[in-house]
Amino acid sequence: MSIQGVNYPIFEIGFMRILKYFSSQQKPLSEIELPTRTETVQIKFIFISILFSVGYFANSFLTGFLMARYVMILAIVLFIIQLFAHKLGWISLRTSSHIFIVICWLLIVLLSISSDGIHSFVLPWVSLIPILGLVLVNARVAWIWSAIVSVTVVACVFIEPRDFIPPHLLMVNNNLLTASLHIGLLFLILTLTHFFDLQQNTLIKKIESQNDHLKYTQNEIATQNEELTQSQEEISSQRDLVAQQNENLEQARQIIEIQHQTLIKKNEGLEQEIQSRTKELVDYNHQLEQFAFISSHNLRSPIARILGLGNLLELQHTKEDELTIQKNLIHSARELDRVVKDLTSILDVRKRSNTIITEIDIKEEIDLILLNLEKDILETNAAIQIEVEHMPKLRTVKPYFDSIIMNLISNAIKYRKVDTKPLIHVSVAQQNNFVCFTIKDNGLGIDLSTSSKKLFTLYSRFHDHVDGKGLGLYMVKTQVESLGGKIEVESEVNVGTTFRVFVRPS
Numbered sequence: 002m003s004i005q006g007v008n009y010p011i012f013e014i015g016f017m018r019i020l021k022y023f024s025s026q027q028k029p030l031s032e033i034e035l036p037t038r039t040e041t042v043q044i045k046f047i048f049i050s051i052l053f054s055v056g057y058f059a060n061s062f063l064t065g066f067l068m069a070r071y072v073m074i075l076a077i078v079l080f081i082i083q084l085f086a087h088k089l090g091w092i093s094l095r096t097s098s099h100i101f102i103v104i105c106w107l108l109i110v111l112l113s114i115s116s117d118g119i120h121s122f123v124l125p126w127v128s129l130i131p132i133l134g135l136v137l138v139n140a141r142v143a144w145i146w147s148a149i150v151s152v153t154v155v156a157c158v159f160i161e162p163r164d165f166i167p168p169h170l171l172m173v174n175n176n177l178l179t180a181s182l183h184i185g186l187l188f189l190i191l192t193l194t195h196f197f198d199l200q201q202n203t204l205i206k207k208i209e210s211q212n213d214h215l216k217y218t219q220n221e222i223a224t225q226n227e228e229l230t231q232s233q234e235e236i237s238s239q240r241d242l243v244a245q246q247n248e249n250l251e252q253a254r255q256i257i258e259i260q261h262q263t264l265i266k267k268n269e270g271l272e273q274e275i276q277s278r279t280k281e282l283v284d285y286n287h288q289l290e291q292f293a294f295i296s297s298h299n300l301r302s303p304i305a306r307i308l309g310l311g312n313l314l315e316l317q318h319t320k321e322d323e324l325t326i327q328k329n330l331i332h333s334a335r336e337l338d339r340v341v342k343d344l345t346s347i348l349d350v351r352k353r354s355n356t357i358i359t360e361i362d363i364k365e366e367i368d369l370i371l372l373n374l375e376k377d378i379l380e381t382n383a384a385i386q387i388e389v390e391h392m393p394k395l396r397t398v399k400p401y402f403d404s405i406i407m408n409l410i411s412n413a414i415k416y417r418k419v420d421t422k423p424l425i426h427v428s429v430a431q432q433n434n435f436v437c438f439t440i441k442d443n444g445l446g447i448d449l450s451t452s453s454k455k456l457f458t459l460y461s462r463f464h465d466h467v468d469g470k471g472l473g474l475y476m477v478k479t480q481v482e483s484l485g486g487k488i489e490v491e492s493e494v495n496v497g498t499t500f501r502v503f504v505r506p507s
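Per my numbering, the very first residue in the sequence shown carries number 2; after that it's consecutive.
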């Protein structure tokens with residue numbers, strides 16, 4: 002049968018059942034916790050003492066040793082009382098051990114002093130007591146009982162025990178007593194040896210079982226370690242995977258951040274472009290309103306004259322009056338035609354029609370423009386200086402270029418001082434991504450403090466004594482902006498004016 006993984010022989014199982022009965026553990030036999038070595042030895046010695054007492058009780062009928070019979074009965078009763086006291090928890094195992102030793106000592110002493118001439122057997126018998134104390138309890142108890150033995154032996158030398166015992170209880174035949182005592186002692190030693198052997202085997206089996214259990218536990222731990230190692234490797238692999246994914250996410254986040262910044266910049270650019278386009282639309286609408294107003298005003302004047310002259314034709318006039326009216330009608334019609342052509346030119350620039358880009362030679366083109374203005378130059382005795390620096394060619398819209406340069410040079414000649422020879426300086430230079438045309442004169446000049454805001458507006462006039470339509474600078478600014486450029490002006494009254502035109506090459 003197996004208890005807690007240990008296989009025990011039948012005899013040992015029987016003792017386990019007895020041990021269970023006298024134990025306070027109320028459990029099935031298979032669930033009984035194995036007692037300590039001290040507890041097992043103590044209970045075994047109690048049962049050995051009971052068996053020895055029963056055997057010696059039976060032996061007393063053969064030897065006629067009446068005292069031994071009474072003593073053995075008393076010993077059996079005391080040992081059984083000790084077992085039940087232990088079962089019921091009246092006394093501790095340590096106290097039970099002391100009681101066991103006391104009982105053994107009393108029995109031996111009583112048997113020894115009750116036999117005639119048995120003093121010589123007192124020492125070998127009572128010498129077992131320290132051995133039992135050493136085995137059952139500890140060395141201190143063994144020393145205490147050794148002292149008691151010594152005192153007892155010395156007392157038996159000077160005191161005759163037979164004087165204190167009734168004669169009918171004494172046994173005179175010492176040989177029989179000696180034989181029975183030696184037989185009992187041999188039986189006790191053999192029994193103790195057998196029980197110690199069983200106890201040793203039990204302990205060995207228990208140790209082997211514990212070793213097997215330990216090996217099994219070690220194997221489980223090794224298996225768990227392997228599983229843990231595999232889990233750690235999987236965790237490490239997953240950690241690496243997570244790290245890679247985090248790195249990918251970080252890269253994706255950086256890409257998203259870059260795209261986000263790009264979108265922000267594009268949005269800012271779009272906002273700026275929208276603001277610029279909005280401003281252009283506002284300016285354009287304002288110019289359209291101005292254009293519509295001025296156009297209607299300029300158209301209404303010649304039309305009104307034509308209508309008035311027509312009404313005059315219905316009346317009766319002389320031949321000379323009719324010729325005058327006819328001449329005025331032709332003049333008003335030509336003025337109306339000129340206004341329509343001016344408006345058409347402005348619309349053409351606004352619609353960016355005729356914007357074919359060609360490559361021109363700047364010097365040759367300026368020379369052609371001066372050739373067209375030759376009559377005005379000769380009449381005014383104007384001096385024109387041309388300076389072109391390392392830029393013989395330019396890709397641009399030729400009609401716009403010709404119109405810009407011609408208008409600015411023509412204005413420099415037209416708005417000259419009466420008593421001063423016109424000096425006009427035309428220069429061309431590269432500035433960053435632009436080609437800069439500078440037209441400088443020594444003419445009448447413009448008061449920019451009062452006229453800067455309407456300088457480039459439609460039909461603006463600043464010198465009434467000179468014929469003009471107020472269309473030239475408006476056309477120049479419109480054409481420059483159409484080419485993606487800008488125009489700047491510096492002017493001082495009676496000193497002169499400088500126009501700088503910046504054109505981006507196409």
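A virtual CB, placed ideally from N, CA and C, is assigned to each residue, including glycine.
First and last residue of the uninterrupted alpha helix (DSSP H) at residue i
i: residue 500; result: No alpha helix (DSSP H) holds residue 500; the beta strand (DSSP E) holding it covers 497-504.
i: residue 477; result: 473-483
i: residue 378; result: 375-381
i: residue 451; result: 449-452
Element boundaries [beta strand (DSSP E), containing residue i]
i: residue 357; result: Counting along the chain, residue 357 falls outside any beta strand (DSSP E), and DSSP gives it neither H nor E.
i: residue 441; result: 435-442
i: residue 424; result: 424-432
i: residue 385; result: 384-389
Nearest-angstrom Cα separation, counted from residue j out to residue i
i: residue 430; j: residue 437; result: 5 Å
i: residue 122; j: residue 56; result: With a pLDDT of only 48 at residue 122, under the threshold of 50, the placement of this residue in the model should not be trusted; the figure read from the coordinates follows. Their backbone Cα atoms lie some 20 Å apart in a straight line.
i: residue 229; j: residue 219; result: 14 Å
i: residue 388; j: residue 369; result: 15 Å
i: residue 434; j: residue 252; result: 38 Å
i: residue 254; j: residue 282; result: 40 Å
i: residue 264; j: residue 258; result: 10 Å
i: residue 303; j: residue 321; result: 22 Å
i: residue 504; j: residue 456; result: 20 Å
i: residue 232; j: residue 223; result: 14 Å
i: residue 479; j: residue 403; result: 14 Å
i: residue 49; j: residue 215; result: 35 Å
i: residue 441; j: residue 497; result: 7 Å
i: residue 273; j: residue 244; result: 42 Å
i: residue 394; j: residue 428; result: 14 Å
i: residue 75; j: residue 22; result: 23 Å
i: residue 366; j: residue 316; result: 54 Å
Per-residue burial, residue i [other beta carbons within 10 Å of its own, 16 or more giving buried]
i: residue 508; result: Coverage of the chain is limited to positions 2 through 507, which leaves residue 508 absent and any answer about it impossible.
i: residue 87; result: buried
i: residue 412; result: buried
i: residue 409; result: buried
i: residue 338; result: exposed
i: residue 241; result: exposed
i: residue 83; result: buried
i: residue 477; result: buried
i: residue 250; result: exposed
i: residue 358; result: exposed
i: residue 311; result: exposed
i: residue 371; result: buried
i: residue 500; result: buried
i: residue 80; result: buried
i: residue 237; result: exposed
i: residue 280; result: exposed
i: residue 203; result: buried
i: residue 472; result: buried
i: residue 266; result: exposed
i: residue 333; result: buried
i: residue 47; result: buried
i: residue 45; result: buried
Residues bridged to residue i [DSSP beta-bridge criterion]
i: residue 492; result: 498
i: residue 396; result: 360
i: residue 487; result: 503
Chain-order list of residues whose beta-carbon lies under 8 Å from that of residue i (same chain, five-residue window excluded)
i: residue 382; result: 422, 423
i: residue 418; result: 443, 444, 445, 495
Nonlocal neighbours in the same chain, by C-beta distance under 7 Å from residue i, ignoring five residues either side
i: residue 92; result: 86
i: residue 487; result: 481, 503
Close Cβ partners of residue i (< 6 Å) along its chain, the five nearest in sequence each way excluded
i: residue 336; result: 303
i: residue 377; result: 414
i: residue 140; result: In this predicted model, residue 140 has a pLDDT of only 49, less than 50, meaning its place in the structure is not dependable; the value taken from the coordinates is given anyway. So the list is empty, once near-sequence residues are dropped.
i: residue 492; result: 446, 447, 449, 498
i: residue 490; result: 500
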